[in-house]
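What follows is one structure encoded as structure tokens, with my remarks underneath.
Chains as they are written, first to last, in the numbering used here: chain A, 47 to 428; chain B, 47 to 428.
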């Protein structure tokens, strides 16, 4: 069986979905690997390093598409601005970040070709699938890098300074959303010595936030007088959003750095930080909006641009993992390879068991059939 | 007495030598402050903030030079590419980073004008002078920022990752020179989770390096057979440099990041990291050379440029404190103000006591006399 790595076409994409050491392991297990020249270069792996472990390094992507039985990609299909669908060969199996939320008719073409395509964005958050969960491994890198990026841009030190030249307070960092990216941003900012606060609409993450050294910001909700009237639920909602807005105005205005991480796969990002809140921040403050791909959590955010609003610098990076190409590739390559291996039976034969929870969740097209209803389900679940 | 802040002219200089809060304190003590409009802007302090504490905000620098009895500068004289000397008024007193190692005839002009000029670069490293030691406070910021800059540029994470997607080793950071900047770079890289090693020709700093969590790299010198021959000292020198070179080849080649900090005031920086050593580093590795202003510790370094040598990115920043404008200004303003206050007697009258160790070390010109021999002494002491 030939595993192919065609290399990435998206501008700024530096990751490679297979490292030489993983290629060597696949080689030991009897798989052939075919990779386009230069595919690993931006992540720091030369063609020679792939050749040395037995890979067939070919001059162009089309050769990989022609030869491979299985394709490993970082970004394919809906995750690329330009459609790759026509290149896939009949009966080919594809694993990658395939942008399942923005695929339209490409899938019917692939169905006609009997292509099998797995979108790693849809790996379910169950323990058996953790080693394949590319969304989490990449979000973790994004959270780290967001904190480092903020430290690089802020005209203040993150740590407190107590020196003969005077004492300087630590920077105040506010992280909105305590998912994988948010927790890693919290941990990194805390490591650098900042004073970190975090907020999440899920109060149950409080303990985890506090275990990383940050303060969990809570809303002062008056729940006592909540049971006396009709229409109560709706009123509490209004009260909730009013309190949340007041808290955000206070905490954002007090912060040197705000890192927002509330991205919803396949949907526009909720606007959590308004211009009114940013008005309270001091000149030189920094926002890193990790939800920029979906339009951002912050009112002035522009995807892949750095904008300034009222003296505040707002970064809208959409692919921070690509700026940590080496580590991101290692982790992503592990995710892809683990996923691929989970499809093999004891004889190393590919077996697509659509009753398997992971296969069912991630499979976009197989056996001539487009299986996309679960894409909508997934979006609706968030 | 009028204290004047003319503002900075050097490209990229963002610091301001007086903050509104320190201006307020000086005002309380009966001093008048005159500042050029916009002088604090790049460090985040508006003209209004200075006005609110009683400063006289004037539209141009020449007004400040005309009015002030005492000038606070970040960079003046030899520390500016363009000569400011003609602007100083007769009998004026100037405190700042004045580039004492590269001043030529400006000082005679100033002597004729009876100007008194203090170069903060020359503050002696004695405990009484610590609160005025701008070289140390700025070096500390530079060391912090060098580590953050390296983390931002490195295609790897600094901290170890142990996740379901696999384990990734921490980045290896090597800091050359364990002075103020080096120690802060060590502390910051260690905080971010890197595996840090450091080297300094002074073995006595070992304990301090280790207390920050780093490993101190020692040379394996055979000192036992050192006493049997004539010309021994010279041979030991050769042995020392050979061992040092071998160690550097090994450790540099093993590192993801190298931060060099061996700057010698007024002299070319020693070349410690050669192209041969860089050849051993992996593609994507990062060098931050804090000695770039003196030509760099690293063979390919170019001051204020980012160069690539054999896949390694080499940063040659000469003014990192200016990239942390707010904190750097706070600390520098403390240094300048403390220095100024040390010149005041009980009646808040300026008294230049040339027998005082700090005055003697820093005074470039006073009472019609150029006092520059100590500049040469200082350079020779390093």
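For glycine and all other residues, C-beta sits at the position ideal for the given N, C-alpha and C.
Item: Same chain, Cβ closer than 8 Å to residue 70 of chain A, neighbours up to 5 away in sequence not counted; Value: 99 and 100
Item: Beta-carbon proximity of residue 178 of chain A to residue 331 of chain A, cut-off 8 Å; Value: no
Item: Own chain partners of residue 93 of chain A with C-beta closer than 6 Å, once the 5 adjacent residues on each side are dropped; Value: 83 and 103
Item: Length at least 3, wholly inside the stretch 277-308 of chain A: the beta strand (DSSP E) runs in chain order; Value: 303-306
Item: When B:55, B:118 and B:402 are compared against residue 48 of chain B, the one with the closest alpha-carbon; Value: B:118
Item: DSSP state of residue 378 of chain B mapped onto helix, strand, coil; Value: helix
Item: Interface flag, residue 71 of chain A vs chain B, CB-CB below 8 Å; Value: no
Item: Where the alpha helix (DSSP H) through residue 230 of chain A begins and ends; Value: 226-237
Item: Beta-carbon neighbours of residue 210 of chain B, restricted to chain E and to distances below 7 Å; Value: In the displayed structure, chain E is absent; the protein chains listed are A and B.
Item: Rounded straight-line distance, which links the Cα of residue 184 of chain B to that of residue 307 of chain A; Value: 34 Å
Item: Reduced DSSP category for residue 343 of chain B - H, G, I as helix; E, B as strand; rest coil; Value: coil
Item: One or two residues paired with residue 244 of chain B in a DSSP bridge; Value: B:221 and B:262
Item: CB contact flag (residue 438 of chain A, residue 295 of chain A, <8 Å); Value: Residue coverage of chain A in this structure runs from 47 to 428, which leaves residue 438 of chain A outside it and unanswerable.
Item: Coil, strand or helix - residue 160 of chain A by DSSP; Value: coil
Item: CB contact below 8 Å: residue 75 of chain A versus chain B; Value: no
Item: Residue 190 of chain A to residue 375 of chain A span [Cα, whole Å]; Value: 15 Å
Item: Paired residues, beta bridge with residue 212 of chain B - DSSP; Value: B:209
Item: Cβ of residue 329 of chain A within 8 Å of any chain B Cβ; Value: yes
Item: Neighbourhood of residue 352 of chain B by C-beta distance below 6 Å, restricted to the same chain and skipping five residues each side; Value: 361
Item: Opening and closing residue of the beta strand (DSSP E) in which residue 78 of chain A lies; Value: 78-82
Item: Anticipated Cβ contact below 8 Å, residue 186 of chain B with residue 226 of chain B, distance rounded; Value: 5 Å
Item: Positions along the stretch 362-389 of chain B whose CB lies within less than 7 Å of some CB in chain A; Value: 370, 371, 372, 373, 376, 377, 380 and 381
Item: Run of the beta strand (DSSP E) containing residue 116 of chain A, from where it starts to where it stops; Value: 116-121
Item: Reduced DSSP secondary structure (H/G/I, E/B, other) of residue 8 of chain A; Value: Shown here, chain A extends from 47 to 428; a query on residue 8 of chain A therefore has no answer.
Item: Within chain B, partners of residue 121 of chain A - CB distance below 7 Å; Value: Chain B residues near residue 121 of chain A: none, gap ~17 Å exceeds 7 Å.
Item: Per-residue DSSP class, three states only, for residue 111 of chain B; Value: helix
Item: Proximal residues to residue 271 of chain A (C-beta, below 8 Å), its chain only, five neighbours per side dropped; Value: Interpretation of residue 271 of chain A is limited by its pLDDT of 49, a score under 50 that renders its predicted location unreliable; no figure is taken from the coordinates.
Item: Buried or exposed by the 16-neighbour rule on C-beta atoms within 10 Å, applied to residue 50 of chain B; Value: buried
Item: Beta-carbon gap between residue 176 of chain A and residue 167 of chain A smaller than 8 Å; Value: no
Item: Test item: CB-CB of residue 143 of chain B and residue 121 of chain B under 8 Å; Value: yes
Item: Under 9 Å by beta carbon: chain A residues contacting residue 13 of chain B; Value: What the structure shows of chain B is the stretch from 47 to 428, and residue 13 of chain B is not part of that stretch, so it cannot be assessed.
Item: Residue 102 of chain A - partner residues in DSSP beta bridges; Value: A:80
Item: Extent of the continuous beta strand (DSSP E) run through residue 137 of chain A; Value: That residue, residue 137 of chain A, is in no beta strand (DSSP E); it is neither H nor E in DSSP.
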